[in-house]
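Asks:
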Amino acid sequence: MSSSKASACTAILLLLLCLYCSSILVGAQDDFITNPVEVTALRNIKKSLVDINKNLSNWNRGDPCASNWTGVLCFNTTQDDGYLHVRELQLLNMNLTGTLSPELGRLSYLQILDFMWNNISGSIPKEIGNIKSLELLLLNGNQLTGSLPEELGFLPKLDRIQIDQNHISGPLPKSFANLNKTKHFHMNNNSISGQIPPELSRLPMLVHLLLDNNNLTGYLPPELSELPNLLILQLDNNNFAGKTIPDSYGNMSKLLKLSLRNCSLQGPIPDLSRIPNLGYLDLSSNQLSGPIPPNRLSLNITTINLSNNSLTGTIPANFSGLPLLQRLLVANNSLNGSISSTLWQRRTFNATERLILDFQNNELSNITGSLNPPSNVTVRLGGNPLCRNTNLVQFCGSQNESDNDIPTPTNTTINCPKCPTDYEYPPSSPVPCFCAAPLLVEYRLKSPGISYFLPYKDMFEEYITSGLKLHLYQLDLASFQWQKGPRLKMDLKFFPVYLNNTDNPNVFNASEVRRIRSMFTGWNIPDSDIFGPYELLHFTLLDPYKDVFPTSSNSGLSKGALAGIILGAIAVAVTLSAIVSLFIVRARLKDYHAISKRRRSSTSSIKIDGVRSFTYGEMALATNNFDSSAQVGQGGYGKVYKGILADGMVVAIKRAQEGSLQGEKEFLTEIQFLSRLHHRNLVSLVGYCDEECEQDL
1 MSSSKASACT AILLLLLCLY CSSILVGAQD DFITNPVEVT ALRNIKKSLV DINKNLSNWN
61 RGDPCASNWT GVLCFNTTQD DGYLHVRELQ LLNMNLTGTL SPELGRLSYL QILDFMWNNI
121 SGSIPKEIGN IKSLELLLLN GNQLTGSLPE ELGFLPKLDR IQIDQNHISG PLPKSFANLN
181 KTKHFHMNNN SISGQIPPEL SRLPMLVHLL LDNNNLTGYL PPELSELPNL LILQLDNNNF
241 AGKTIPDSYG NMSKLLKLSL RNCSLQGPIP DLSRIPNLGY LDLSSNQLSG PIPPNRLSLN
301 ITTINLSNNS LTGTIPANFS GLPLLQRLLV ANNSLNGSIS STLWQRRTFN ATERLILDFQ
361 NNELSNITGS LNPPSNVTVR LGGNPLCRNT NLVQFCGSQN ESDNDIPTPT NTTINCPKCP
421 TDYEYPPSSP VPCFCAAPLL VEYRLKSPGI SYFLPYKDMF EEYITSGLKL HLYQLDLASF
481 QWQKGPRLKM DLKFFPVYLN NTDNPNVFNA SEVRRIRSMF TGWNIPDSDI FGPYELLHFT
541 LLDPYKDVFP TSSNSGLSKG ALAGIILGAI AVAVTLSAIV SLFIVRARLK DYHAISKRRR
601 SSTSSIKIDG VRSFTYGEMA LATNNFDSSA QVGQGGYGKV YKGILADGMV VAIKRAQEGS
661 LQGEKEFLTE IQFLSRLHHR NLVSLVGYCD EECEQDL
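According to full-length UniProt numbering, the sequence shown is numbered sequentially starting from 1.
Following this line, the structure appears as structure tokens:
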């Protein structure tokens with residue numbers, strides 16, 4: 001082989017090696033980092049949605065895991081197939097409409113699927129049942145219709161299913177009895193009908209069963225008492241007409257809350273005194289009859305609501321001496337006998353505690369003991385025979401005071417300079433007068449075990465800050481409001497710690513913002529026995545944090561991981577090109593002298609299908625004038641740059657240095673050869689530039 005032929009062959013070999021290694025670089029910006037099946041699925045998912053706020057506008061370009069697609073979080077390392085995969089789809093509160101695409105089922109590595117608080121309609125795709133890695137299915141707060149797919153019952157890792165506040169109809173699938181790792185069933189506020197499947201009693205991990213405000217009928221399965229870890233059973237506002245509360249419900253040893261309000265239940269109240277930590281009991285607005293069981297309930301009880309039934313007999317003496325009781329409501333029954341003032345005399349109240357005793361519209365005839373309850377206690381007796389006693393007028397008149405917490409406003413005067421926009425003074429900071437940018441969180445307790453929050457405010461602040469691993473002074477509970485349910489909505493502000501930096505106001509760093517957000521979105525804050533399950537309504541980033549999630553979310557691929565991929569590819573490319581360059585130099589020294597500057601345009605241009613001819617100006621524009629920041633590799637032939645063409649295509653551009661320029665004929669021969677070269681591990685030749693002293697591929 002002549003030296004010229006050897007030179008051409010070695011040059012081609014060099015280019016192939018560079019293109020092979022550069023394919024990793026190009027893949028880092030295109031389909032070679034994220035699994036192509038998942039990329040296609042995401043694009044189809046977007047097509048099924050209506051994104052009126054353009055939150056998903058960047059789903060049309062780049063790679064999902066490398067280009068910060070809104071709401072797409074990926075694993076930091078490749079799997080066995082060599083690709084990165086989507087780990088989370090976080091599309092909370094983005095005002096999305098449209099429908100959920102069956103293509104969701106192709107995200108086979110997904111762990112969190114979050115479409116909460118949008119306006120998505122249509123049915124839940126059965127294909128979601130194909131995502132065997134799914135841990136959190138969060139679809140609450142939409143307009144979804146149709147029935148629950150049986151396929152959802154075969155998700156082996158599912159921890160939480162939240163479909164509440166939709167329009168789901170049809171029965172509960174019996175297949176849900178297979179969800180052996182599921183802890184949270186939140187399906188309230190829908191139109192689910194039929195019988196509660198007794199098979200659900202096989203669920204070993206279930207802690208929250210929230211099915212209130214549906215159209216459930218039939219009977220209450222006594223088998224539910226066999227659930228070994230059940231903490232909350234909430235079935236309010238269903239229609240179990242003529243059915244009774246199973247006696248076996250008194251055997252639920254871990255139960256914290258039992259709420260069966262307005263369920264058309266009949267028969268007696270079972271003995272619930274065997275439940276050691278029961279904190280909240282609501283059996284109101286049924287047709288329960290007979291006496292109230294006399295045995296003492298748990299000392300943890302905060303709320304007893306038995307009003308609007310047909311109960312008879314006397315008020316049990318064991319309702320006295322309950323140290324945490326906030327509400328005892330037995331209005332609108334047929335209770336008789338006396339009321340003992342020990343209900344309030346055996347209590348010591350602090351300034352924030354309240355006790356409501358509502359005995360209205362019964363057959364009660366007397367109060368024994370003191371008639372002067374403390375100001376924290378409200379006694380309501382209207383509609384009872386004892387109100388004929390003129391000494392009880394204060395308890396028998398109309399009483400319009402609210403049963404809700406009444407927060408006491410705090411008038412804190414701070415003599416400090418005004419903070420910039422989006423900054424404020426942390427109210428509880430040990431350091432006065434420093435401006436900080438808070439994170440704003442709308443948060444709601446879905447089924448709290450209390451009726452009044454103020455006595456538990458300090459406990460809650462300790463709970464939430466310790467769960468987030470923050471200092472207590474970093475939290476400001478700006479406001480709270482009871483909502484229908486009852487649920488408790490809160491506005492929380494989280495402030496960064498004080499930094500002694502007079503040049504810049506205080507902000508959380510980006511990693512801390514991401515950590516705090518992931519604690520909420522991943523439900524990584526442990527549930528509390530008192531406060532029950534929570535939900536994230538909104539996580540607001542003020543202007544100082546706008547760059548933390550460039551498009552409202554964070555890509556799971558860290559910069560370090562991407563840099564590692566690119567640097568590894570560069571190292572391989574440089575090593576191989578250095579070896580091949582030795583052969584090129586030897587061959588060229590024999591047959592070539594330095595090549596003079598090339599003519600402006602090629603005199604022997606050719607046309608090759610699928611290969612474009614670019615101008616020098618186009619190459620300069622694609623690489624920011626061959627800026628060093630765009631360089632991704634270098635060898636004896638010259639340098640490789642990352643470029644973005646005018647149509648958005650991301651390419652690798654090999655630019656020959658002057659000492660490596662070929663003759664015009666040889667260069668065009670090389671282009672023809674490469675245009676015919678196709679392999680799955682090689683990127684395709686897009687085009688070339690042969691002007692202005694340039695030979696670019």
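For each residue, glycine too, the CB sits at the ideal point set by N, CA and C.
These figures come from a predicted structure and were not determined experimentally.
Could you check the C-alpha separation between Arg87 and Gly194 for me, to the nearest Å?
Replies: The straight-line gap from Cα to Cα measures roughly 35 Å.
Asks: Note down, one range per segment and in chain order, each beta strand (DSSP E) of at least 3 residues found wholly within the region 291-369.
Replies: For the region 291-369, whole beta strand (DSSP E) runs of length 3 or above, ordered along the chain, are 303-305, 310-312, 327-329, 336-340, 355-358, 363-368.
Asks: Using 8 Å as the cut-off, can you tell me whether the region 236-246 makes contact with the region 523-539, which would need three or more C-beta pairs spanning the two stretches below that distance?
Replies: The answer is no - the region 523-539 does not touch the region 236-246, with fewer than three Cβ pairs under 8 Å.
Asks: Apart from the five residues just before and just after Ser365, which ones in its own chain have a Cβ nearer than 8 Å to its Cβ?
Replies: Once the five neighbours on either side are set aside, the close Cβ partners of Ser365 are Asn336, Gly337, Ser338, Asn384, Pro385, Leu386.
Asks: Look up Ser22 in the DSSP assignment and say whether it is helix, strand or coil.
Replies: Below a pLDDT of 50, predicted positions are generally treated as unreliable, and Ser22, at 42, falls in that range; the measurement from the model is reported next regardless. Ser22 falls in the helix class under three-state DSSP.
Asks: Going by Cα to Cα distance, which pick from Asn140, Trp117, Ile120, Leu113 is closest to Glu127?
Replies: Here the closest residue by C-alpha is Leu113.
Asks: Does the distance from the CB of Leu138 to the CB of Gln165 come in under 8 Å?
Replies: No, these two residues do not count as a Cβ contact at 8 Å.
Asks: Measuring CB atoms only, is the region 482-496 touching the region 425-444, in the sense that at least three cross pairs come out at less than 8 Å?
Replies: Taking 8 Å as the limit for Cβ pairs, the verdict is that the region 425-444 does touch the region 482-496.
Asks: Is the distance from the Cβ of Thr182 to the Cβ of Leu158 below 8 Å?
Replies: Result yes, Cβ atoms of Thr182 and Leu158 sit closer than 8 Å.
Asks: If you draw a straight line from the C-alpha of Pro291 to the C-alpha of Glu199, how long is it?
Replies: So the alpha carbons of these two residues sit roughly 32 Å apart.
Asks: Applying the criterion that 16 or more other CB atoms from any shown protein chain within 10 Å of the CB defines a buried residue, is Leu42 buried or exposed?
Replies: Buried, by the Cβ-count rule.
Asks: What does a CB cutoff of less than 6 Å around Ile361 pick up in its chain, not counting 5 residues either side in sequence?
Replies: Strictly speaking, residue 361 in this sequence is Asn, with Ile absent from that position. Ala331, Asn332, Gly383, listed in sequence order.
Asks: Just curious, the alpha helix (DSSP H) that Leu620 is in, first and last residue?
Replies: According to the sequence displayed, residue 620 carries Ala and not Leu. 616-622 is the extent of the alpha helix (DSSP H) around Ala620.
Asks: By alpha-carbon positions, which one of Val686, Gln657, Gly617, Gly633 ends up nearest to Val651?
Replies: Here the closest residue by C-alpha is Val686.
Asks: Could you check where the beta strand (DSSP E) with Gly468 kicks off and where it finishes?
Replies: The residue you asked about is not Gly; residue 468 is Leu in the sequence shown. Leu468 -> not in any beta strand (DSSP E); alpha helix (DSSP H) instead, spanning 457-468.
Asks: Does the count of Cβ pairs from the region 365-375 and the region 340-349 closer than 8 Å reach three?
Replies: With a cut-off of 8 Å, the region 340-349 and the region 365-375 count as touching, because enough Cβ pairs lie within range.
Asks: Considering Cα atoms alone, identify which of Asn300, Ser284, Asp212, Phe434 is closest to Leu329.
Replies: Closest by alpha carbon: Ser284.
Asks: In its own chain, which residues sit with a C-beta less than 6 Å from the C-beta of Pro427, not counting the 5 before and 5 after it?
Replies: Around Pro427: Asp476.
Asks: Taking only three categories from DSSP, how would you classify Leu440?
Replies: If DSSP states are grouped into helix, strand and coil, Leu440 belongs with the strands.
Asks: Let me check understanding here. Comparing Cα to Cα, which of Ile644, Leu84, Lys546 lies closest to Gly617?
Replies: Nearest of Ile644, Leu84, Lys546 to Gly617, Cα basis: Ile644.
Asks: Express the C-alpha separation of Met459 and Ser518 in angstroms, rounding to a whole number.
Replies: So the two alpha carbons sit approximately 23 Å from each other.
Asks: Can you tell which of Leu134, His186, Leu445, Gly321 has its C-alpha closest to the C-alpha of Ile111?
Replies: The residue asked about is misnamed: residue 111 is Gln in this sequence, not Ile. Ranking Leu134, His186, Leu445, Gly321 by Cα distance to Gln111 puts Leu134 first.
Asks: Could you give the first and the last residue of the continuous alpha helix (DSSP H) run that contains Glu512?
Replies: Start and end: 510-521.
Asks: Please determine, among Gln631, Pro171, Asn142, Pro228, the residue with the shortest C-alpha to C-alpha distance to Glu150.
Replies: The shortest Cα separation from Glu150 among Gln631, Pro171, Asn142, Pro228 belongs to Pro171.
Asks: Around the C-beta of Leu468, are 16 or more other C-beta atoms found within 10 angstroms, so that it is buried, or is it exposed?
Replies: Leu468 is buried by the Cβ-count criterion.
Asks: Whose C-beta lies closer than 6 Å to the C-beta of Pro233 among residues of the same chain, with five residues either side of it excluded?
Replies: Checking the displayed sequence, the identity of residue 233 turns out to be Leu instead of Pro. Answer for Leu233: Leu209, Leu258, listed in chain order.
Asks: What's the call for Gly82, buried or exposed, on a 16-neighbour Cβ count within 10 Å?
Replies: By the 10 Å Cβ count, Gly82 comes out exposed.
Asks: Does the beta-carbon distance from Phe359 to Arg380 come in below 8 Å?
Replies: Closer than 8 Å, so yes.
Asks: Output the distance between the C-alpha atoms of Thr34 and Leu84, rounded to the nearest integer angstrom.
Replies: Going by the C-alpha atoms only, they are around 5 Å apart.
Asks: Candidates Asn55, Leu392, Gln695, Glu103: which alpha carbon is nearest Val39's?
Replies: Here the closest residue by C-alpha is Glu103.
Asks: Considering only residues of the same chain and omitting the five flanking positions on each side of Asp529, which have a CB-CB separation below 6 Å?
Replies: Same-chain partners within the cutoff: Leu256.
Asks: Spatial neighbours of Ser334 within its chain, please: C-beta separation below 7 Å, excluding the five flanking residues on both sides.
Replies: Excluding sequence neighbours, Ser334 sits near Ser310, Leu311, Thr312, Asn362, Glu363.
Asks: Name the one or two DSSP bridge partners that residue 714 has.
Replies: There is simply no residue 714 to check, as the chain begins at 1 and stops at 697 in what is shown.
Asks: Is Asp31 helix, strand or coil by DSSP?
Replies: Residue placement at Asp31 is flagged as unreliable, the pLDDT there being 42, under the threshold of 50; a coordinate-derived value is accordingly withheld.
Asks: Just to confirm the assignment, what range does the beta strand (DSSP E) spanning Lys157 have?
Replies: Per DSSP, Lys157 belongs to no beta strand (DSSP E) and is neither H nor E.
Asks: So what does DSSP say about Ile530, is it helix, strand or coil?
Replies: It is coil, neither helix nor strand.
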